[in-house]
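Worksheet: one structure, shown below.
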Amino acid sequence: MSLSEKKIEELIHRDFACSCGHTHRADIEHVVIGEGAIGQLVPILLEQKLADGRVFDPASDTVFAVTDVHTHPIAEAYVFPLLREANILFTEYSFPHEKMHTTDAGVEELRANLPSDTSLLIAIGSGTINDLSRFVAFHANLPYYIIGTAPSMDGYASDVSPIIHNNLKTTFSAVCAKTIIGDPALMQGCPALMIGAGLGDIIGKYVAINDWKISQKINGEYCCDEVCDLVLASVKKCVDSVPGLTKRDPQALQYLMESLVLSGMAISFIGTSRPASSSEHHLAHFMEMQSIFRGEYGELHGTNVGLSTCIVSKLYQEFLKLDLDYDKARAHAKAFDPVRWEADVRRFYQSAADEVIKLEQTAKKNDPEEVLRRIDALEANEGFVRAMVEQLVDRTKDTASLLESLDGLTSPKTAGVTRENMRGILLYAKELRNRYSALQIFYDLGVLEELADRVLDYYYGEE
Ligand SMILES: [Zn+2]
Ligand SMILES: [Zn+2]
231 MSLSEKKIEE LIHRDFACSC GHTHRADIEH VVIGEGAIGQ LVPILLEQKL ADGRVFDPAS
291 DTVFAVTDVH THPIAEAYVF PLLREANILF TEYSFPHEKM HTTDAGVEEL RANLPSDTSL
351 LIAIGSGTIN DLSRFVAFHA NLPYYIIGTA PSMDGYASDV SPIIHNNLKT TFSAVCAKTI
411 IGDPALMQGC PALMIGAGLG DIIGKYVAIN DWKISQKING EYCCDEVCDL VLASVKKCVD
471 SVPGLTKRDP QALQYLMESL VLSGMAISFI GTSRPASSSE HHLAHFMEMQ SIFRGEYGEL
531 HGTNVGLSTC IVSKLYQEFL KLDLDYDKAR AHAKAFDPVR WEADVRRFYQ SAADEVIKLE
591 QTAKKNDPEE VLRRIDALEA NEGFVRAMVE QLVDRTKDTA SLLESLDGLT SPKTAGVTRE
651 NMRGILLYAK ELRNRYSALQ IFYDLGVLEE LADRVLDYYY GEE
């Protein structure tokens, strides 16, 4: 049976010998998503193995519950009564801030409030609470549970925490949740904006999978078709259930939550974020960095990914209209000017520029010799690339209207990004990671600037 035919609970905590030749594994012990899922919390908890090898004992072990001002009432309504009824001891900390971000200060605040006799940590929340709690649980060597309150991001099944550290978003090791619970009843009241963000993070997978498959063809990069199919099938289920999401239909919320958890599992299966993140995430990360440079925290991660997916879809639409000139592309590759490149990177990446320049020294994404090799491969596979891009454009053509129905952002102009900044983001977001993506394909073919200007004209009006 292929991966995409299996239920989510059949995919965790076991080895899967895949047709791609690799063995895939996601080390979560329980994923319970759907109506009534919260009822599984206590039975699972009572069988939980702790860090010292003992099984959780309600007579002596204490749970530490983490919430914030928005999720505390949800915990009081749905989670704490179950713990009290089962005589499970718990202490709690509720972040008192109206708006919260994943920063060093948040980590310190949580650490300072973590009682030393805690046996297990349960977070009740989504993005920020999950990232902070998972990180603190990791360093305190505690088993970690997450009870989702919004289908807003795909980090539920992740084992890393992105934390803003010294003004830079940095990915730190953290612990993977032992148990993930997603009960639609707990998500009914979450703002449309958060559901739109989750949908944005999910629709972006269309781009991630597309770019990954093109890279397999052009660079011989490893790619797993089964994981691609698994992700694509679950994205389609979410896209098809958008009308239900706007009405908070439990089934639709379940599909989106499942898809967000699956996306994190796909990352575990592959060992990198390749199945979940490509050019759409590079653009989103760059927007997030620019907000931080301005001392702001910007939009939700998934809101930026949704917006970026609209932009990448537009770039690919314009790409299909081009008559590719491979000789011109070769001349463009040879004319790469490292001095100008470095100056531009310093201008747009500011305090993060050194990291980006260091990455290029090993990745050599712009090295003419490598680019020329890829141009040859692109020329030899133009039919394949075009077919892939046509499919991607078709899959993402309704993204803007779907996201708009859930308060998403669909234009960089309305998101408050200036045209000049957006141009810098489009031209230099590919420098952020060593990952072959749409933006690198356009650069290699010498058409990135032209496509960027066309798309900027579309969003900002012709100059
Ligand atoms: Zn595989
Ligand atoms: Zn994401």
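According to this note's numbering, the stretch in the sequence shown is residues 231 to 693, in order. Backbone N, C-alpha and C define an ideal beta-carbon position, used for all residues, glycine too.
If you count every other CB in all the chains shown that lies within 10 Å of the CB of residue i, and 16 or more means buried, which is it?
i: T539; result: buried
i: D470; result: exposed
i: R364; result: buried
i: V569; result: exposed
i: H512; result: buried
i: D584; result: exposed
i: L681; result: buried
i: G385; result: buried
i: G426; result: buried
i: P326; result: exposed
i: V285; result: exposed
i: A617; result: exposed
i: G434; result: buried
i: Q670; result: buried
i: M231; result: exposed
i: E322; result: buried
i: D674; result: buried
i: Q520; result: buried
i: V678; result: Sequence inspection shows Leu at residue 678; the Val mentioned does not correspond to that position. By the neighbour-count rule (16 or more Cβ atoms within 10 Å), L678 is buried.
i: A281; result: exposed
i: D413; result: buried
i: G419; result: exposed
i: S581; result: exposed
Return yes when the Cβ of residue j is within less than 8 Å of the Cβ of residue i, no when it is not.
i: I318; j: L275; result: yes
i: M383; j: D431; result: yes
i: Q270; j: P373; result: no
i: P642; j: L537; result: yes
i: S667; j: S509; result: yes
i: H300; j: F499; result: no
i: L475; j: S234; result: no
i: K595; j: K660; result: yes
i: T409; j: E259; result: yes
i: L530; j: M424; result: yes
i: C453; j: K466; result: no
i: L695; j: A370; result: With the chain covering only 231 through 693, there is no way to say anything about residue 695.
i: A404; j: D389; result: yes
i: L622; j: V437; result: yes
i: I541; j: V685; result: yes
i: G189; j: G532; result: Look at the range of the chain in this structure, 231 to 693, and you will see that residue 189 is not part of it.
i: I304; j: T379; result: yes
i: T640; j: S543; result: no
i: D188; j: C250; result: For the chain, the structure presents residues 231 to 693; residue 188 sits outside this window and is missing.
i: A415; j: Y375; result: no
i: H515; j: L657; result: no
i: E612; j: L554; result: yes
i: V601; j: V586; result: no
i: R649; j: Y688; result: no
i: E620; j: L550; result: yes
i: V457; j: A496; result: yes
Return the Cβ separation of residue i and residue j in integer angstroms, given the expectation that the two are a contact with Cβ distance under 8 Å.
i: A559; j: G676; result: 4 Å
i: T333; j: I394; result: 5 Å
i: A482; j: L636; result: About 11 Å separates the two Cβ atoms, so there is no contact after all.
i: T297; j: I354; result: 5 Å
i: P480; j: E265; result: 5 Å
i: I238; j: V261; result: 5 Å
i: P598; j: F566; result: 6 Å
i: A387; j: G494; result: 3 Å
i: D361; j: P311; result: Their Cβ separation, rounded to whole angstroms, is 27 Å, which puts D361 and P311 out of contact at 8 Å.
i: I359; j: R604; result: About 42 Å; that fails the 8 Å criterion.
i: A295; j: I352; result: 5 Å
Sort out for me which residues DSSP pairs residue i with in a bridge.
i: S324; result: T297
i: T644; result: Per DSSP, none; premise fails for T644.
i: H395; result: L398
i: G355; result: G378
i: L350; result: V293
i: F672; result: Looking at the DSSP assignment, F672 forms no beta bridge with any residue, so it has no partner.
i: I410; result: V261, I376
i: Y403; result: Before going further, note that residue 403 is Ser rather than Tyr in the sequence given. DSSP, once it has assigned bridges, lists V390 as partnering S403.
i: A247; result: T253
i: T333; result: I394
What I want to know is whether the C-beta of residue i ends up closer than 7 Å to one or more non-hydrogen atoms of ligand 4.
i: E526; result: As for ligand 4, it is missing from this structure, which binds only ligand 1 and ligand 2.
If you scan the stretch 258-322 from start to end, which runs of the beta strand (DSSP E) of 3 or more residues do you find wholly inside it? For the stretch 258-322, whole beta strand (DSSP E) runs of length 3 or above, ordered along the chain, are 260-263, 292-298.
Quick check for students: name the residue ranges of the beta strand (DSSP E) that lie wholly in the stretch 453-498, counting only runs of 3 or more. List check, beta strand (DSSP E) in window: nothing returned.
Counting only runs of 4+ residues fully inside the stretch 412-458, write out the alpha helix (DSSP H) ranges in chain order. DSSP runs (the alpha helix (DSSP H)) wholly in the stretch 412-458: 414-417, 422-449.
Please give me, in chain order, every unbroken run of the alpha helix (DSSP H) with length at least 4 that falls completely inside the stretch 557-645. Within the stretch 557-645, the runs of alpha helix (DSSP H) that reach at least 4 residues and sit entirely inside it are, in chain order, 568-579, 583-593, 598-610, 612-626, 629-634.
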